[in-house]
Every structure is written in structure tokens, then in C-alpha cells.
């Protein structure tokens, strides 16, 4: 079946009636334009452009972001580093204290081994000073 | 492209003359666009909604229109998309009376019979019923060719489909509608 045959068939059946059966209310096209125009915004949305103002805003945001990152990540790490240094210093002091204790112990043992008591040391210091 | 249309496009691109030019464009294209949309959605109120949406979309996109196609082609493209979108959103309302999945829904022919803005006889109602049974895009192709006698090349620009595919689509539509009327080869 071709388009022509279908059209011919429809036309014969239609018996000469108007082809466009779809009607519109009276005056529809007279006021459609006004109705459409009344719905349009007065000004169209403009495409966003990157201006110097935007550049400064982006720069300001970047600086603030960098500062926040610094405060969040870097400062605590610095704090950690100080704590570790403190811990290290404390450790060194403890070692020195321990070393001094061992040195004193060693000296005491050596004097006892040599048969030197505290009175002889005092006499020795009195005679020489 | 005609000189009038070139001037109209120029005025549409100029912000100071855009509104007046757009009004002129609406008046020029409202009737052919209405006919295209009405044959797709069938009911006047729906066609009115779709047509207004079409012009609002056109207004929103007027700055992007570069004149690669004619103004009419561009508007037909928007109207076609809007009509197809409307049909897709309301497909549950367009079921045929023979559709067993949707009992109680009224047939297209029955709807048109009660429509005060439809003046067709029984054959016309049956023809609309047959057209409405086609897939939406095929239905659009059939209406553009059968009623508007649009060239395949123009149709191709509007729908973004190859001429060969459009010819095949129209051929299938004619076969289906002929079969609907009980007409064989």
C-alpha cells in the first residue's frame, strides 16, 4: 500500500470534508502571542563571564583555603614535632641522670676497693688546702 | 535564507530589539507550530501548553541560535521535542481502548468525538486512532509528511535523523495505518 492509495482511500471515505479537523477556540491566535510574551522575563539570563572581580574572589578563596589547610595540617604536625623534641630532651636528661648515678656508684666502689674511707679523704683535703 | 529572516535573526540577537523581534517571530510561526503540535497531542489544551513551552524554550535559547538552520527549522525542532516529551510524560493517558493493560481508558477516537475543537467525521477519528497507535517518533514523521508535506531533507534537519531512516519510518507508518483500515498491498 502506497501513500497515494491511503490518501485516496481516506478522501473517498471522508466524502469531501475539510482535511484539517482540528479547530481552535475563536480568537486563540489573536491573544496567544500576548500570553507568551507576558510569560517571558524582562531580562534574559546572561551567560556568566569571568571578570577581574571574579579573579579576585577566586584568589581570596584560594588564600583562605591555603590558610585553613595550613592550620589544619601543618600546625598540628609542628606541635607533634615539638612534643617529640621535648620527649627527646626528657630522654636525654634521664640518660644523663642515670649515667651520673652509675659514675657515682663506680667511684664509691673504686674507693672502697682501694681501702680509702671518708675520714682519709677529709684529712687529705684538709692538709692540702 | 530570505532577507526578512536574516533581518529578524539579527534583531533577535540584538538585546535592544530582541523582544519586539521575538513577538514578530511568535506571530509568524504560531499557526504552523500549533498544527504540528496539535496533531501530536490531539487535545487543544495540551497543544496550547506545549506551544507556550516551545516559545519559552526558544526565548531561553535565542542567544545560542547561530542561524545554521532556518528559524522555522529551529522552532520546529523545539516544538517536536516538546510534543514528544509531553507524549512520553502522559503516555498512561493515551492507551487504546483495546489495551488490556489499561482497562477503563478511553480510546483516542472516543476522546476526539467528545472534543468540541475536533470537527472530523468517523473516518478522521479512526485515522487519528491509527496514527496515535504508532511509536511517537514514527507518528511525528507521518504527520510531517502526510499533512504538512514536508521534504525529507527539511525533516532530517528538524529531527536530526537521516533521510533514509525517515523514508523507512514513513513507509512503515503507511503500512501500519493501511493495515489498520484493512487495506492490503
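Chains as they are written, first to last, in this note's numbering: chain A, 93 to 221; chain B, 1062 to 1246.
From the three backbone atoms N, C-alpha and C, an ideal C-beta is built for every residue, glycine too.
Report the neighbours of residue i on chain B: residues whose CB is nearer than 9 angstroms to its CB, in chain order.
i: residue 95/A; result: 1206, 1207, 1231, 1232, 1235
i: residue 100/A; result: Under the 9 angstroms cutoff, chain B gives no residues; its nearest Cβ is about 10 angstroms from residue 100/A.
Where DSSP assigns a beta bridge to residue i, which residues make up the other side?
i: residue 114/A; result: 1179/B
Can the beta-carbon of residue i be found less than 8 angstroms from the beta-carbon of residue j?
i: residue 1189/B; j: residue 124/A; result: no
i: residue 1213/B; j: residue 1224/B; result: yes
i: residue 1199/B; j: residue 1239/B; result: no
i: residue 127/A; j: residue 1113/B; result: yes
i: residue 1141/B; j: residue 1220/B; result: yes
i: residue 1044/B; j: residue 1100/B; result: Residue 1044/B is absent from the structure shown; chain B starts at 1062 and stops at 1246.
i: residue 1242/B; j: residue 101/A; result: yes
i: residue 1173/B; j: residue 1103/B; result: yes
i: residue 1064/B; j: residue 1082/B; result: no
i: residue 1171/B; j: residue 1187/B; result: no
i: residue 115/A; j: residue 1180/B; result: yes
i: residue 1118/B; j: residue 1084/B; result: no
i: residue 1134/B; j: residue 1215/B; result: yes
Report the option in the options whose CA atom is closest to the CA atom of residue i.
i: residue 118/A; options: 1240/B, 1235/B, 1178/B; result: 1178/B
i: residue 1073/B; options: 1151/B, 1122/B, 1142/B, 1108/B; result: 1122/B
i: residue 133/A; options: 1098/B, 1201/B, 1111/B, 1120/B; result: 1120/B
i: residue 1197/B; options: 1184/B, 1145/B, 1206/B, 1151/B; result: 1145/B
i: residue 1233/B; options: 1217/B, 1218/B, 1211/B, 1191/B; result: 1191/B
i: residue 131/A; options: 1129/B, 1194/B, 1110/B; result: 1110/B
i: residue 1095/B; options: 1076/B, 1228/B, 1108/B; result: 1108/B
i: residue 113/A; options: 1067/B, 1063/B, 1185/B; result: 1185/B
i: residue 1194/B; options: 1115/B, 1148/B, 1134/B, 1129/B; result: 1148/B
i: residue 1067/B; options: 1129/B, 1080/B, 1098/B, 1105/B; result: 1129/B
i: residue 1097/B; options: 1226/B, 1210/B, 1222/B; result: 1210/B
i: residue 1080/B; options: 1218/B, 1217/B, 1151/B, 1124/B; result: 1124/B
i: residue 1183/B; options: 103/A, 95/A, 96/A, 94/A; result: 103/A
i: residue 95/A; options: 1093/B, 1089/B, 1206/B; result: 1206/B
Given that residue i touches chain B, what residues does it touch there, using C-beta distances under 7 angstroms?
i: residue 159/A; result: Per Cβ cutoff of 7 angstroms: no residues; residue 159/A is ~40 angstroms from chain B at best.
Which residues of chain A have a Cβ atom closer than 9 angstroms to the Cβ of residue i, listed in chain order?
i: residue 1135/B; result: Here the premise fails: no neighbours, minimum Cβ distance about 16 angstroms.
i: residue 1011/B; result: As shown, chain B starts at 1062 and ends at 1246. That puts residue 1011/B outside it, with no answer to give.
i: residue 1219/B; result: Within chain A, no residue comes near residue 1219/B; the closest Cβ sits about 19 angstroms away, beyond 9 angstroms.
i: residue 1227/B; result: Chain A residues near residue 1227/B: none, gap ~13 angstroms exceeds 9 angstroms.
Name, please, each residue of chain A whose Cβ falls closer than 7 angstroms to the Cβ of residue i.
i: residue 1224/B; result: Ordered by position in chain A, no residue passes the 7 angstroms Cβ test against residue 1224/B, which lies about 16 angstroms from the chain.
i: residue 1181/B; result: 113
i: residue 1099/B; result: 114
i: residue 1242/B; result: 101
Going along chain A, which residues have a C-beta under 8 angstroms from residue i?
i: residue 1070/B; result: Residues of chain A passing the Cβ test: none, with the nearest at roughly 16 angstroms.
In chain order, each alpha helix (DSSP H) run of at least 4 residues that lies wholly inside the region 1197-1233 of chain B = 1197-1207, 1213-1220
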